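Undergrad:
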Amino acid sequence: MKNFVIATLLVSGLASAAVASPRAASSPKERVKLVRIARNLEINPLAFEAVQQRQWAAEFIVKAPDLHLELCEPVLHPLERGNPNYNSQLSMQFMVSSAAFMVKHPKVKDPVKIQTAGVEGTLKAYQSILKVDKDAHFDFLDGLMQQKQDGQLENYVASISSTCGEMAEQAPRHKRKLIP
């Protein structure tokens, strides 16, 4: 919980700083860097440079005026009860992978697809952590892995996102069956 709160405060603090210092639109070089960092963090979330990469990505996401990322926190809320050694990294991965998807697929506006990509990136990072720490299993993430394998991950994200106000209004519901 403590790490999850710290990650949230980091992003909130960066958001406050972004309001105070408007900047130009993100450059192609910055967008490529974000995507590269997202993939690096999925493959090696515990690397020495991962902390600096997460910090750069969070700052970029918050400050880039042409990248509007809206996350539905309940999608990965159970991470708060996860392994305190990794829940902060995995929560940040959700944000970074979602933003990287937006950069790679600028025409996709469906928040469920964007957040599903974020969850998929989180699951990749989780799998990478499990290779290093076999005791890091978390039932919630293992369940999401199973839903992904069964082709139901997007339905899970859609069902949870339906509680997220404006985001729920933007998501086309006819394409997926919501999970009760």
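Letter by letter, the sequence shown follows residues 1 to 180 of the UniProt record's numbering. The beta carbon of each residue, even a glycine, is placed where N, CA and C say it ideally should be. None of the values given here were measured: they were computed from a predicted structure.
Would you check if there are 3 or more beta carbon pairs closer than 8 Å linking the region 44–61 to the region 110–123?
TA: Cβ pair count under 8 Å is below three, so no.
Undergrad: Please list, in chain order, all residues of the same chain as Leu71 whose beta carbon is under 8 Å from its beta carbon, the five residues on each side excluded.
TA: Sequence index remark: in the sequence shown, residue 71 carries index 71 (1-based). Correct list, in chain order: Phe94, Met95, Ser98, Gln115 and Gly118.
Undergrad: Work out the CA separation of Val108 and Met102 for me, nearest whole Å.
TA: Stepping through the sequence shown from its first residue, residue 102 is reached at position 102. Stepping through the sequence shown from its first residue, residue 108 is reached at position 108. If I take the Cα positions, the gap works out to 7 Å.
Undergrad: Expressed to the nearest angstrom, what Euclidean distance is found between the alpha-carbon atoms of residue 185 and Ala24?
TA: Beyond the ends of the chain as shown, which are 1 and 180, falls residue 185; an answer cannot be given.
Undergrad: Taking the alpha carbon of Lys63 as the point to measure from, which residue in Asn83, Glu30 and Arg81 has its own alpha carbon closest?
TA: Indexing the sequence shown from 1 puts residue 63 at position 63. The shortest Cα separation from Lys63 among Asn83, Glu30 and Arg81 belongs to Glu30.
Undergrad: Here's a check: name, in chain order, each residue in its chain whose Cβ is nearer than 6 Å to the Cβ of Gln152, leaving out the five neighbours to either side.
TA: Residue mapping note: residue 152 aligns to position 152 of the sequence shown, counting from 1. Nothing listed; no residue qualifies.
Undergrad: By the three-class DSSP mapping on this structure, what secondary structure does Gln52 have?
TA: Here residue 52 refers to the residue found at position 52 of the sequence shown. Note: Gln52 maps to helix in three-state DSSP.
Undergrad: Whole angstroms are fine: how far does the CA of Asp142 sit from the CA of Cys164?
TA: The residue you call residue 164 lines up with position 164 of the sequence shown. The residue you call residue 142 lines up with position 142 of the sequence shown. In a straight line, the C-alpha of Cys164 is about 24 Å away from that of Asp142.
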